[in-house]
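Peer 1:
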Amino acid sequence: MSLGLPHHLSSTPLLLFLKFLSLPMVKRMLESLLINMPLLYPHFVENGFTQCHFLILLRPMDPNKDLSVYGYGTVAWKERMEEWKKKQSDKLQVVKHQGGKGGENNGGDEFDDPDLPMMDEGRQPLSRKLPISSSKISPYRLIIILRLVILGLFFHYRILHPVNDAYGLWLTSVICEIWFAISWILDQFPKWHPIERETYLDRLSLRYEKEGKPSELASVDVFVSTVDPMKEPPLITANTVLSILSVDYPVEKVACYVSDDGAAMLTFEALSETSEFARKWVPFCKRFSIEPRAPEWYFAKKVDYLKDKVDPAFIRERRAMKREYEEFKVRINGLVAMAQKVPEDGWTMQDGSPWPGNNVRDHPGMIQVFLGHNGVHDVEGNELPRLVYVSREKRPGFDHHKKAGAMNSLVRVSAIISNAPYMLNVDCDHYINNSKALREAMCFMMDPTSGKKICYVQFPQRFDGIDRHDRYSNRNVVFFDINMKGLDGIQGPIYVGTGCVFRRQALYGYDAPVKKKPPGRTCNCLPRWCCCCFGSKKKNKKSKSKSNEKKKSKEASKQIHALENIEEGIEGIDNEKSALMPQIKFEKKFGQSSVFIAATLMEDGGVPKGASSASLLKEAIHVISCGYEDKTEWGKEIGWIYGSVTEDILTGFKMHCHGWRSVYCMPKIPAFKGSAPINLSDRLHQVLRWALGSVEILLSRHCPIWYGYGCGLKWLERFSYINSVVYPLTSIPLIAYCTLPAVCLLTGKFIVPAISNYASIIFMALFISIAATGILEMQWGGVGIHDWWRNEQFWVIGGASSHLFALFQGLLKVLAGVNTNFTVTSKAADDGGFSELYLFKWTSLLIPPMTLLIINIIGVVVGISDAINNGYETWGPLFGKLFFALWVIVHLYPFLKGLLGKQDRLPTIIVVWSILLASVLTLLWVRINPFVSKGGIVLEICGLNCD
């Protein structure tokens with residue numbers, strides 16, 4: 001037995017004596033020794049005396065010094081210190097070079113040694129939250145509470161002080177103000193706890209990309225959706241595809257699927273040209289690490305590309321690549337010009353057979369693998385990512401569910417061909433601006449501590465080709481930089497339709513994994529009679545837990561049997577009824593495809609081993625057939641959810657109801673960039689489509705007001721979803737409120753009685769709190785006042801036009817069955833120096849805001865004229881009305897700009913209809929005027945002395 005003593009003490013008579021003593025005697029002896037000499041020994045004993053290691057350190061640095069001066073402690077010997085350092089270094093090297101075996105499967109927990117140095121970045125989190133500093137967020141929360149109190153005082157005064165001589169105006173204004181307050185609460189409180197996030201890409205590489213071993217990063221399937229190549233130019237789609245193929249991610253882990261829902265031969269041929277150009281473009285991007293990797297935007301950058309690149313090879317190859325891209329553009333534009341004139345017999349392919357998609361509404365499913373199969377490499381001989389063209393089957397009499405149906409087809413096709421555990425979806429005009437975007441998302445998805453509960457990672461939308469002033473609020477900075485940060489602090493941002501990385505299992509309708517709670521504390525201090533009181537509850541809990549365990553075991557066994565049956569094939573199932581039931585259950589949920597059902601049970605992705613490409617392709621064609629989704633849960637509980645034009649909000653809402661959370665990722669270099677509508681008419685049509693989708697959700701069973709209670713949706717997250725579907729209703733009180741100033745100026749009435757000092761303080765406090773809330777939001781959100789003002793301005797423009805039309809169209813669609821056509825927003829291939837910025841195309845959406853503008857201008861003119869005629873005393877009451885009317889006119893500034901600045905660009909029919917409607921309303925008001933007393937002639941004292 002070794003006592004861990006120094007060598008020069010091991011032969012002393014003291015040790016010989018200690019070996020024959022019992023443990024209590026040794027303890028007493030050591031205590032007596034401590035009085036006279038410093039000893040170092042640990043304060044624990046394990047399994048008796050044989051396992052006890054006493055360390056008695058007598059290490060005088062100065063022989064002439066008294067030992068008692070040093071006291072006692074745990075100062076290590078030089079040999080032990082060097083051995084400890086070597087041990088730490090060896091463990092660090094093991095983690096760096098050996099790592100985990102399964103990446104996400106074991107989460108990197110195999111080296112759980114507490115002595116492992118925390119300097120090892122492979123063990124540290126892949127991301128972290130960055131809360132907004134208290135100096136910014138605390139005043140913001142205080143102002144919100146104060147604003148609530150002021151709102152209460154404001155409504156108390158408004159309701160108790162009606163305007164008797166203009167009761168209708170007063171009642172209308174109060175109802176509008178109450179609705180505005182409710183809308184503000186729904187919008188404000190989800191921003192109570194905003195956060196930001198930071199990712200660590202170096203730790204991701206250290207954990208999942210070991211030196212000398214294949215990459216353990218998860219595979220990603222990328223979906224690109226397009227419909228009409230005339231509205232969505234093929235050159236834009238080609239740039240998006242090229243940015244995906246050249247992304248900074250392992251080649252074998254990326255697959256790009258392009259959905260052509262218009263079955264256009266132009267898209268097919270353009271994609272074929274893109275695959276050929278990708279063989280040159282992808283190696284060029286990766287060799288020189290250029291950004292962005294969409295050639296149109298890379299070559300359009302106004303920077304000196306020679307500044308930091310002194311390599312002559314780069315200069316030579318860049319010039320050659322630019323010539324190659326110019327030739328590629330010529331070929332694409334030639335295809336577009338050729339597609340303008342469709343032959344009478346339709347398009348034919350090179351072998352002479354007719355193009356299957358000549359009839360857009362009646363054609364078979366088409367799948368073409370351009371890249372990724374054997375034998376196709378880039379010009380340097382390296383492997384390329386998989387590129388697949390998909391056009392689902394279309395037949396008359398079937399509801400194809402527009403974009404949501406196309407995305408669900410891509411989900412099934414990708415599950416058959418590549419079956420990556422994660423999926424990224426982008427619109428055809430949203431290219432990857434940051435080549436490390438997929439790695440940014442994987443920092444959240446593959447994080448072993450928090451990644452399992454994340455259903456998707458949403459990136460903000462950023463846009464190119466927008467004028468410097470952003471007159472129509474295309475950037476939508478307030479929503480992406482303020483609202484989404486607030487939602488990220490609750491349960492995560494809503495899904496906005498593009499630039500989003502999904503977990504495939506979450507799209508399959510599965511619930512989020514439940515975190516196991518630690519066992520409750522046990523206590524033996526209660527008397528036994530307490531057990532009699534609570535015994536029944538414990539028994540009930542035990543019985544419930546046993547029944548739940550039985551159910552779980554049954555479900556698990558069913559899934560295992562079903563997976564075995566699927567792998568063996570359906571042939572052997574008919575004999576046993578018990579084995580057939582799980583198979584039928586899966587088919588009712590996912591559809592009648594054994595290969596696809598087997599893929600849904602593979603949580604980490606992957607395709608069946610030994611399956612041939614021909615068999616997989618045949619199965620992929622089967623899963624995009626028209627009748628595949630019949631009597632299944634596709635669009636109801638699985639995949640993109642049907643029932644709304646804005647399938648994105650509904651899909652994200654269903655995932656959050658299943659207990660998942662989402663993450664908002666804002667890298668310093670924007671991950672994605674897209675194009676936005678240039679002119680106001682296209683912008684209003686885009687907003688109309690969004691608002692129509694919200695109305696459809698509001699009137700459906702999935703409305704967040706009454707759907708999803710008792711699940712994993714948090715209350716503030718529900719507030720946000722409610723706000724996202726009820727905002728079109730604001731159009732009615734908004735139009736009424738914007739009409740009130742003109743009515744007040746024309747009639748001489750006002751919505752507020754003569755205010756007292758108390759009322760003036762409340763009004764001033766309300767205006768100050770509104771301004772303070774906006775200023776503090778801009779401060780912590782990093783939004784400029786210009787972007788904030790454009791957002792406020794377009795809120796009025798969109799609310800008075802698109803939201804109103806969407807409300808009526810939604811009511812007609814749901815109640816009367818009158819369907820509205822889905823309009824694809826045009827994507828401009830070239831901004832042309834913003835030549836179409838003030839081009840007002842004819843649309844009925846422009847009439848309501850123009851009418852409001854003209855009515856308020858007429859009211860201002862009438863009010864000022866009346867004040868001039870009636871004298872000085874009428875100017876005081878006029879100021880409140882003028883401020884009210886000017887507030888409306890300033891918010892409708894883009895219309896005023898178009899009306900006064902460029903009359904030749906404004907369609908005459910809009911001016912005629914607006915002036916006509918304004919005149920009719922004005923004359924009708926003069927004729928009816930409900931605020932004039934109907935009791936007879938009103939006699940007033942003129943003030944003149946007739947005598």
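The numbering of the sequence shown is UniProt numbering, which starts it at 1 and goes up by one. Glycine included, every Cβ here is placed at the ideal spot set by N, Cα and C.
Which residue wins for smallest C-alpha separation from ARG462, given the options LEU650, PHE672 and VAL369?
Peer 2: Along the sequence shown, one-based indexing puts residue 462 at 462. Closest option to ARG462, Cα to Cα, is PHE672.
Peer 1: How would you call ILE735, buried or exposed, if buried means at least 16 neighbouring beta carbons within 10 angstroms?
Peer 2: Position 735 of the sequence shown, counted from the start, is the residue given in the question as residue 735. Under this definition ILE735 is a buried residue.
Peer 1: Return the chain-ordered list of same chain residues with a C-beta closer than 7 angstroms to the C-beta of PRO728, the five sequence neighbours on each side being excluded.
Peer 2: As a first step, residue 728 is located in the sequence shown; it is residue number 728 there, counting from the start. Taken in chain order, the residues that qualify are ALA691, SER694, VAL695, HIS803, ALA806 and LEU807.
Peer 1: By how many angstroms is the C-alpha of ALA181 removed from the C-alpha of ASP115?
Peer 2: The residue labelled residue 115 in the question sits at position 115 within the sequence shown. The residue labelled residue 181 in the question sits at position 181 within the sequence shown. Confidence is the limiting factor: at ASP115 the pLDDT is only 47, short of 50, which leaves the residue's position unreliable and the question unanswerable from this model.
Peer 1: For ASN679, which three-state DSSP category applies?
Peer 2: Taking the sequence shown and counting its residues from 1, one reaches residue 679 at position 679. The answer is coil: DSSP assigns ASN679 none of H, G, I, E or B.
Peer 1: Assign VAL645 to one of two classes, buried (16 or more other C-beta atoms within 10 Å of its C-beta) or exposed (fewer than that).
Peer 2: The sequence position of residue 645 within the sequence shown is 645, counting from 1. When all chains shown are included, VAL645 counts as buried.
Peer 1: Check ALA238 in the structure and name its three-state DSSP category.
Peer 2: One-based indexing of the sequence shown puts residue 238 at position 238. If DSSP states are grouped into helix, strand and coil, ALA238 belongs with the helices.
Peer 1: From TYR325 to ILE432, what does the alpha carbon distance come to, in whole angstroms?
Peer 2: Translated into positions along the sequence shown, residue 325 becomes position 325. Translated into positions along the sequence shown, residue 432 becomes position 432. For TYR325 and ILE432, the distance between alpha carbons rounds to 18 angstroms.
Peer 1: Report the rounded CA-to-CA distance for GLU792 versus VAL227, giving the unit in angstroms.
Peer 2: Translated into the one-based positions of the sequence shown, residue 792 becomes position 792. Translated into the one-based positions of the sequence shown, residue 227 becomes position 227. Straight-line Cα distance between these residues: approximately 33 angstroms.
Peer 1: Have a look at PRO354 and LEU266 and give me their C-alpha separation to the nearest angstrom.
Peer 2: Along the sequence shown, one-based indexing puts residue 354 at 354. Along the sequence shown, one-based indexing puts residue 266 at 266. Cα to Cα, PRO354 sits roughly 14 angstroms from LEU266.
Peer 1: Does the beta-carbon of PRO214 have 16 or more other beta-carbons within 10 angstroms, so that it is buried, or is it exposed?
Peer 2: If you number the sequence shown from 1, residue 214 lands on position 214. PRO214 is exposed by the Cβ-count criterion.
Peer 1: Quick one: Cα of ILE785 to Cα of VAL220, how far?
Peer 2: Translated into the one-based positions of the sequence shown, residue 785 becomes position 785. Translated into the one-based positions of the sequence shown, residue 220 becomes position 220. For ILE785 and VAL220, the distance between alpha carbons rounds to 39 angstroms.
Peer 1: Taking the Cβ atom as the reference point for each residue, do PHE370 and GLU317 lie within a distance shorter than 8 angstroms?
Peer 2: Start at 1 with the first residue of the sequence shown, and residue 370 comes out as number 370. Start at 1 with the first residue of the sequence shown, and residue 317 comes out as number 317. Result no, Cβ atoms of PHE370 and GLU317 do not sit closer than 8 angstroms.
Peer 1: At 4 residues or longer, and completely inside the stretch 204-233: list those alpha helix (DSSP H) runs for me, N to C.
Peer 2: None, since the stretch 204-233 contains no complete alpha helix (DSSP H) of that length.
Peer 1: Which residues in the same chain as LYS546 place their Cβ atom closer than 6 angstroms to its Cβ, once the five residues preceding and following it in sequence are excluded?
Peer 2: The residue you call residue 546 lines up with position 546 of the sequence shown. Reliability fails at LYS546, whose pLDDT of 48 lies under 50, so the model's placement of it is uncertain and the value that follows must be treated cautiously. Closer than 6 angstroms at the Cβ level, and outside the excluded window around LYS546, lies no residue.
Peer 1: Would you mind stating whether ILE490 and PRO190 have Cβ atoms separated by less than 8 angstroms?
Peer 2: As a working mapping, residue 490 is identified with position 490 in the sequence shown. As a working mapping, residue 190 is identified with position 190 in the sequence shown. For ILE490 and PRO190, yes; Cβs fall inside 8 angstroms.
Peer 1: Could you name the residues of the same chain whose beta carbon sits closer than 6 angstroms to that of SER418, not counting the 5 residues immediately before and after it, in chain order?
Peer 2: Looking up residue 418 in the sequence shown gives position 418. Result list for SER418: ASP221 and ALA255, in chain order.
Peer 1: Sorted by chain position, which residues of the same chain lie with C-beta nearer than 7 angstroms to THR449's C-beta, five sequence neighbours on each side aside?
Peer 2: Position 449 of the sequence shown, counting from 1, holds the residue named residue 449. Here the set comprises PRO125.
Peer 1: Have a look at ASN565 and ASN359 and give me their C-alpha separation to the nearest angstrom.
Peer 2: Position 565 of the sequence shown, counted from the start, is the residue given in the question as residue 565. Position 359 of the sequence shown, counted from the start, is the residue given in the question as residue 359. Its pLDDT being 45, under 50, ASN565 is placed unreliably by the model, and the measurement read from it follows with that caveat. Straight-line Cα distance between these residues: approximately 40 angstroms.
Peer 1: So, ILE494 versus ILE649, is the Cβ gap smaller than 8 angstroms?
Peer 2: Looking up residue 494 in the sequence shown gives position 494. Looking up residue 649 in the sequence shown gives position 649. Going by C-beta atoms, ILE494 is nearer than 8 angstroms to ILE649.
Peer 1: What is the residue span of the beta strand (DSSP E) that CYS256 lies within?
Peer 2: Along the sequence shown, read from residue 1 onward, the residue named residue 256 stands at position 256. 254-260 is the span of the beta strand (DSSP E), which, as asked, contains CYS256.
Peer 1: Counting beta carbon pairs with one atom in the stretch 464-476 and one in the stretch 385-392, are three or more of them shorter than 8 angstroms?
Peer 2: With the cut-off at 8 angstroms, the stretch 385-392 and the stretch 464-476 do not touch.
Peer 1: Is LEU171 helix, strand or coil by DSSP?
Peer 2: Sequence index remark: in the sequence shown, residue 171 carries index 171 (1-based). The answer is helix: DSSP assigns LEU171 an H, G or I state.
Peer 1: Around the Cβ of residue 968, are there at least 16 other Cβ atoms within 10 angstroms (buried) or fewer (exposed)?
Peer 2: Nothing about residue 968 can be reported from this structure: the residues present for the chain run from 1 to 947 only.
Peer 1: On the DSSP letters alone, give me the boundaries of the alpha helix (DSSP H) that VAL796 sits inside.
Peer 2: Locating residue 796 in the sequence shown gives position 796, where the first residue counts as 1. Its alpha helix (DSSP H) spans residues 785-800.
Peer 1: Using only alpha-carbon positions, find the residue among ALA406, GLN458 and THR851 that is nearest to VAL501.
Peer 2: Locating residue 501 in the sequence shown gives position 501, where the first residue counts as 1. Of ALA406, GLN458 and THR851, the residue nearest in Cα terms is GLN458.
Peer 1: Would you check if the distance between the CB atom of LYS631 and the CB atom of PRO194 is smaller than 8 angstroms?
Peer 2: Residue mapping note: residue 631 aligns to position 631 of the sequence shown, counting from 1. Residue mapping note: residue 194 aligns to position 194 of the sequence shown, counting from 1. No.
Peer 1: According to DSSP, is ASN105 helix, strand or coil?
Peer 2: Mapped onto the sequence shown, residue 105 falls at position 105. Reliability fails at ASN105, whose pLDDT of 40 lies under 50, so the model's placement of it is uncertain and the value that follows must be treated cautiously. ASN105: coil per DSSP, three-state reduction.
Peer 1: Please determine, among GLY451, GLY659 and TYR721, the residue with the shortest C-alpha to C-alpha distance to GLN188.
Peer 2: The residue labelled residue 188 in the question sits at position 188 within the sequence shown. When each option's Cα is compared against that of GLN188, the closest is TYR721.
Peer 1: Taking the alpha-carbon of LEU438 as reference, which of SER409, PRO670 and ARG361 has the nearest alpha-carbon?
Peer 2: As a first step, residue 438 must be located in the sequence shown, where it is residue number 438. Looking at the Cα atoms, PRO670 is the closest of the given residues.
Peer 1: Do SER731 and GLY810 have their CB atoms nearer than 8 angstroms?
Peer 2: The residue labelled residue 731 in the question sits at position 731 within the sequence shown. The residue labelled residue 810 in the question sits at position 810 within the sequence shown. It is not a contact, given that the beta carbons lie outside the stated cut-off.
Peer 1: Classify ILE195 as helix, strand or coil using the three-state DSSP reduction.
Peer 2: Within the sequence shown, numbered from 1, the residue matching residue 195 stands at position 195. DSSP places ILE195 in strand when its eight states are reduced to three.
Peer 1: With respect to the beta strand (DSSP E) encompassing MET423, which residues constitute its N-terminal and C-terminal limits?
Peer 2: Position 423 of the sequence shown, counting from 1, holds the residue named residue 423. It spans 422-427 - the beta strand (DSSP E) in which MET423 sits, taken as one unbroken run.
Peer 1: Excluding sequence positions up to five away, which residues of its chain have a Cβ less than 6 angstroms from the Cβ of ASP511?
Peer 2: By one-based count along the sequence shown, residue 511 stands at place 511. Here the set comprises HIS658 and GLY659.
Peer 1: Are GLY880 and PHE767 close, meaning C-beta to C-beta below 8 angstroms?
Peer 2: To locate residue 880, count along the sequence shown from 1; it is residue 880. To locate residue 767, count along the sequence shown from 1; it is residue 767. No, Cβ-Cβ distance for GLY880 and PHE767 is not below 8 angstroms.
Peer 1: Within 10 angstroms of its Cβ, does TYR709 collect 16 or more other Cβ (buried), or is it exposed?
Peer 2: As a working note, residue 709 is residue 709 in the sequence shown. Exposed, by the Cβ-count rule.
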